[in-house]
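Top line first, the protein sequences correspond to chains F and U. When you read off a place in the first sequence, starting at 1, and then add 46, the result is the number in our numbering. When you read off a place in the second sequence, starting at 1, and then add 149, the result is the number in our numbering. C-beta: ideal position from N, C-alpha, C; glycine also. Input: a single structure, listed below in structure tokens.
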Amino acid sequence: MAEVHDRPPEQFTLKMRRYDPESGEAPYWDQHTIELEPHRSVLEAILQARDRFDGSIGIRCSCRQAICGSCGIRVNGEPALACHTHLDAAKLGAKDGVIEIEPMGNMPVIKDLIVDMDAVHWKKIRRVTPWLLAKQPVPEREYIVPKESMVDVTQTMACIQCGACVSDCLAMEVDPGFIGPAALAKAYRFVGDPRDDQQFDRLNDLAQDPQGIFDCTHCFKCVEACPKDVNPMGQIMRLRRIATGDHHIVDKNNGERHEQAFTGLIRDNGILWEAELIPRSYGGASWFGKFAPAAGKELLNSLPTAFRGLRHRKMTISKILKPHKIPSADLKNVQAIYDKIESRPERYELNLYIVGEDEAPASSPEGEPVAASPEGSNS
Amino acid sequence: MKVAYWPGCVSRGFTPELHGSMAKVAPLLDIELVELDRACCTGAGVIAEHNQELADTLNARTFALAQQVDGAAMMMNICSTCQGAQSECQERLDANAEYREHVNSTLAGEGLTYEKGLTNKNFLWLLVEEIGLENLRSRVKRPLTNLKVGPFYGCYIVRPRNRLGIDEEHPRDHYLDQVIEALGGTVIEYAGMRKCCGFPIITMNKEASLKQAGRHLGDAADADADCLVTPCPLCHLNLDLQQPLAEQVVSRELHMPVLHLPQLVGLALGLDPKDLGMSRHVVKPTSVIDWSTSVVAAAA
Numbered sequence: 047m048a049e050v051h052d053r054p055p056e057q058f059t060l061k062m063r064r065y066d067p068e069s070g071e072a073p074y075w076d077q078h079t080i081e082l083e084p085h086r087s088v089l090e091a092i093l094q095a096r097d098r099f100d101g102s103i104g105i106r107c108s109c110r111q112a113i114c115g116s117c118g119i120r121v122n123g124e125p126a127l128a129c130h131t132h133l134d135a136a137k138l139g140a141k142d143g144v145i146e147i148e149p150m151g152n153m154p155v156i157k158d159l160i161v162d163m164d165a166v167h168w169k170k171i172r173r174v175t176p177w178l179l180a181k182q183p184v185p186e187r188e189y190i191v192p193k194e195s196m197v198d199v200t201q202t203m204a205c206i207q208c209g210a211c212v213s214d215c216l217a218m219e220v221d222p223g224f225i226g227p228a229a230l231a232k233a234y235r236f237v238g239d240p241r242d243d244q245q246f247d248r249l250n251d252l253a254q255d256p257q258g259i260f261d262c263t264h265c266f267k268c269v270e271a272c273p274k275d276v277n278p279m280g281q282i283m284r285l286r287r288i289a290t291g292d293h294h295i296v297d298k299n300n301g302e303r304h305e306q307a308f309t310g311l312i313r314d315n316g317i318l319w320e321a322e323l324i325p326r327s328y329g330g331a332s333w334f335g336k337f338a339p340a341a342g343k344e345l346l347n348s349l350p351t352a353f354r355g356l357r358h359r360k361m362t363i364s365k366i367l368k369p370h371k372i373p374s375a376d377l378k379n380v381q382a383i384y385d386k387i388e389s390r391p392e393r394y395e396l397n398l399y400i401v402g403e404d405e406a407p408a409s410s411p412e413g414e415p416v417a418a419s420p421e422g423s424n425s
Numbered sequence: 150m151k152v153a154y155w156p157g158c159v160s161r162g163f164t165p166e167l168h169g170s171m172a173k174v175a176p177l178l179d180i181e182l183v184e185l186d187r188a189c190c191t192g193a194g195v196i197a198e199h200n201q202e203l204a205d206t207l208n209a210r211t212f213a214l215a216q217q218v219d220g221a222a223m224m225m226n227i228c229s230t231c232q233g234a235q236s237e238c239q240e241r242l243d244a245n246a247e248y249r250e251h252v253n254s255t256l257a258g259e260g261l262t263y264e265k266g267l268t269n270k271n272f273l274w275l276l277v278e279e280i281g282l283e284n285l286r287s288r289v290k291r292p293l294t295n296l297k298v299g300p301f302y303g304c305y306i307v308r309p310r311n312r313l314g315i316d317e318e319h320p321r322d323h324y325l326d327q328v329i330e331a332l333g334g335t336v337i338e339y340a341g342m343r344k345c346c347g348f349p350i351i352t353m354n355k356e357a358s359l360k361q362a363g364r365h366l367g368d369a370a371d372a373d374a375d376c377l378v379t380p381c382p383l384c385h386l387n388l389d390l391q392q393p394l395a396e397q398v399v400s401r402e403l404h405m406p407v408l409h410l411p412q413l414v415g416l417a418l419g420l421d422p423k424d425l426g427m428s429r430h431v432v433k434p435t436s437v438i439d440w441s442t443s444v445v446a447a448a449a
């Protein structure tokens with residue numbers, strides 16, 4: 047470490063997006079070259095630029111050690127904590143060596159790098175009732191809960207409310223009302239808490255909301271953005287799993303029906319029968335689903351698309367009417383897997399956050415033979 | 150190179166031109182495809198959302214079948230979503246011996262066992278890491294000169310980086326750019342190239358889904374792309390099949406052809422656009438066909 051810290055100061059050029067809505071002027075790019083040791087942070091660079099060149103640069107910061115979550119910005123287009131991003135790493139990811147600094151996305155800019163967290167992030171957090179609604183009667187002393195269940199919710203408790211995941215959420219980009227990754231991760235913190243009394247109501251609320259758990263596009267952006275490994279998208283998938291699997295909540299957004307339709311079609315055929323997925327997602331997870339009013343309406347709306355598909359031979363009448371199936375012996379084996387797993391009294395899940403990895407991952411991009419070598423010798 | 154080949158569902162369903170073009174391109178790259186026709190769907194993330202153990206076991210079954218293919222160097226897929234869904238399951242299976250045993254006990258009835266350490270690569274990764282860009286370049290018969298191609302990566306093949314083995318040494322999130330360049334084309338960068346096509350929410354929030362597709366197509370058009378190329382058939386469905394609807398949602402004409410990766414490779418390797426199934430696209434790849442016709446005419 048000493049060697050790293052002994053590296054002499056270098057020059058770094060920051061290209062910063064500036065904007066003061068009150069000025070009435072359009073946003074513009076500003077550029078400053080600062081001098082700092084390469085291991086120092088982008089935040090320190092911004093503060094140096096502010097001290098030396100332009101005292102009007104707006105940046106919010108406090109702890110400077112990735113705890114308070116105040117200094118969320120975009121570095122070279124990616125969300126990051128300014129205090130947690132080293133200058134040398136930022137330069138490596140920069141085009142032409144110039145580090146690009148912008149405010150976070152999906153939130154209005156108050157000034158320069160400061161965004162309005164109240165208007166978006168905190169409003170969404172409040173939306174999910176972010177406090178414990180305790181089971182009654184409250185015990186005289188502490189609650190006794192399984193250790194694993196608390197380790198489990200610790201992952202979402204690690205959130206420092208920096209807004210990085212909100213900034214990068216692709217669903218929110220097209221649907222600003224989406225409750226979003228940070229708030230839904232917070233929702234899991236209470237849904238997953240055995241002391242909470244409102245699991246069903248919380249989930250029903252989030253499932254029925256058109257901008258709730260089924261509005262997530264599964265793009266993994268929040269997983270990448272999070273500096274604390276909260277895995278918001280993973281938490282959203284768990285909310286869906288508990289809502290549909292444990293509480294059998296049928297939502298008006300087709301979330302549960304889509305899941306049942308998809309899972310059922312694979313059970314029936316081994317591979318997906320696309321032509322049936324749409325009507326069943328709208329009308330219900332059976333062949334009769336297409337006769338439900340909601341499915342009929344959607345099928346009618348989809349007719350032009352279907353005709354275009356048929357005209358271009360993307361689809362054929364036989365593919366629409368008859369599924370492609372895997373060989374029947376294999377299908378039976380697949381169905382046996384379904385039967386065995388779905389008949390378990392409780393879902394069996396491996397949560398790597400709780401158990402960790404017991405071995406080094408074996409697959410490497412280098413390309414190893416398909417046939418694995420004996421356990422432990424091919425890590 | 151012999152590979153255990155997982156074509157996925159959609160390439161045999163609504164994007165038959167993908168499976169077809171892969172079959173045509175493989176021999177030109179000395180890839181022998183042994184199709185895993187006994188395997189089932191990866192679940193595309195939806196089965197995992199329903200029941201994680203079920204998704205892991207179904208995919209472990211596919212991995213076990215791949216490991217039985219004699220002489221195969223690895224498993225290969227042609228669908229980003231399959232890659233992402235399989236990588237997620239494999240991460241859990243490879244991380245924990247006890248869990249792997251538990252999953253294998255379900256497969257035991259069929260006499261199958263998944264052994265940790267499968268290598269599973271999307272065709273894009275295989276192109277760059279196994280065949281190599283220089284090798285690919287040397288096989289090009291008709292360089293894509295002056296063809297402006299926008300890469301559309303989709304989500305499942307670029308995120309999360311750790312799980313997908315993306316690092317400085319393996320910049321897999323830049324491979325499409327590298328392949329387009331190796332084929333002689335011009336890479337067009339645009340805002341949506343690594344964003345979501347919207348397909349996963351098409352039945353839940355159609356407008357948001359189509360807005361995503363429409364915006365990316367519009368961004369690519371504004372950046373002057375002749376066409377897009379994608380390694381994901383689900384992205385193709387939203388970007389091509391649904392493009393006329395996306396046009397209505399974003400209130401603009403788009404006319405942006407979207408090619409599957411093997412189609413673009415096949416074009417540069419000298420195959421005819423029609424043989425690569427380009428007539429099966431909803432948005433006719435006129436720009437690509439015109440380009441191809443002009444190149445052939447110039448050569449004559």
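Below-8 Å beta-carbon distance, residue i vs any chain U residue
i	result
residue 46(F)	An answer regarding residue 46(F) cannot be provided, because it is not within the stretch 47 to 425 covered by chain F.
residue 388(F)	yes
residue 256(F)	yes
residue 424(F)	Unreliable placement is indicated for residue 424(F), whose pLDDT of 33 sits below 50; no coordinate value is reported for it.
Nearest-angstrom Cα separation, counted from residue j out to residue i
i	j	result
residue 414(U)	residue 175(U)	10 Å
residue 137(F)	residue 60(F)	9 Å
residue 170(F)	residue 356(U)	21 Å
residue 417(U)	residue 379(U)	16 Å
residue 175(F)	residue 232(F)	9 Å
residue 393(U)	residue 405(U)	10 Å
residue 216(U)	residue 208(U)	12 Å
residue 423(U)	residue 409(U)	13 Å
residue 260(U)	residue 403(F)	27 Å
residue 412(U)	residue 356(F)	21 Å
Where residue i sits in the DSSP three-state scheme
i	result
residue 429(U)	helix
residue 299(U)	strand
residue 294(U)	coil
residue 58(F)	strand
residue 256(F)	coil
residue 424(U)	coil
residue 274(U)	helix
residue 335(U)	strand
residue 167(F)	helix
residue 199(U)	helix
residue 77(F)	strand
residue 66(F)	coil
residue 119(F)	strand
residue 85(F)	coil
residue 245(U)	coil
residue 264(F)	coil
residue 428(F)	Within the shown structure, residues of chain F are numbered from 47 to 425, placing residue 428(F) beyond reach of any answer.
Where residue i meets chain U, residues with beta-carbon distance less than 9 Å
i	result
residue 250(F)	The premise fails here: residue 250(F) is roughly 16 Å from chain U at the closest Cβ pair, so nothing lies under 9 Å.
residue 261(F)	350, 353, 354 and 357
Under 8 Å from the C-beta of residue i: neighbouring residues of chain F
i	result
residue 159(U)	318 and 320
Chain F within 8 Å of residue i, Cβ atoms only
i	result
residue 409(U)	no
residue 354(U)	yes
residue 298(U)	no
residue 211(U)	no
residue 190(U)	yes
residue 231(U)	no
Chain F contact residues for residue i, given Cβ-Cβ distances below 9 Å
i	result
residue 186(U)	372, 373 and 376
residue 196(U)	305, 308, 309 and 312
Contacts of residue i in chain F (Cβ-Cβ under 7 Å)
i	result
residue 202(U)	387, 393, 394 and 395
Under 7 Å from the C-beta of residue i: neighbouring residues of chain U
i	result
residue 221(F)	354 and 357
residue 266(F)	304, 308 and 309
- Query: Between the stretch 241 to 254 of chain U and chain C, which residues of the former have CB atoms less than 8 Å from a CB of the latter, in chain order?
  - Reply: In the structure shown, chain C cannot be found, because the protein chains are F and U.
- Pick out the complete alpha helix (DSSP H) segments inside the stretch 369 to 424 of chain U, 4 residues or longer, and give them in chain order. Every unbroken stretch of the alpha helix (DSSP H) spanning 4 or more residues and falling wholly within the stretch 369 to 424 of chain U is given here in chain order: 382 to 385, 392 to 399 and 410 to 417.
- Item | Whole alpha helix (DSSP H) elements within the stretch 153 to 196 of chain U, 4-residue minimum | Fully contained in the stretch 153 to 196 of chain U are the following alpha helix (DSSP H) runs of length 4 or more, in chain order: 165 to 174.
- List in chain order: all unbroken alpha helix (DSSP H) runs of 4+ residues lying wholly within the stretch 300 to 377 of chain F. DSSP runs (the alpha helix (DSSP H)) wholly in the stretch 300 to 377 of chain F: 301 to 315, 320 to 329, 339 to 357 and 363 to 367.
- Message: If we require 3 or more residues per run, which beta strand (DSSP E) segments fall completely within the stretch 135 to 164 of chain F?
- Response: Complete beta strand (DSSP E) runs here, min 3: 144 to 148 and 155 to 157.
- Task: Starting from the N-terminal side, write out each stretch of the alpha helix (DSSP H) that is 4 residues or longer and does not extend beyond the stretch 205 to 235 of chain F.
- Result: Qualifying alpha helix (DSSP H) stretches, in chain order: 210 to 214 and 216 to 220.
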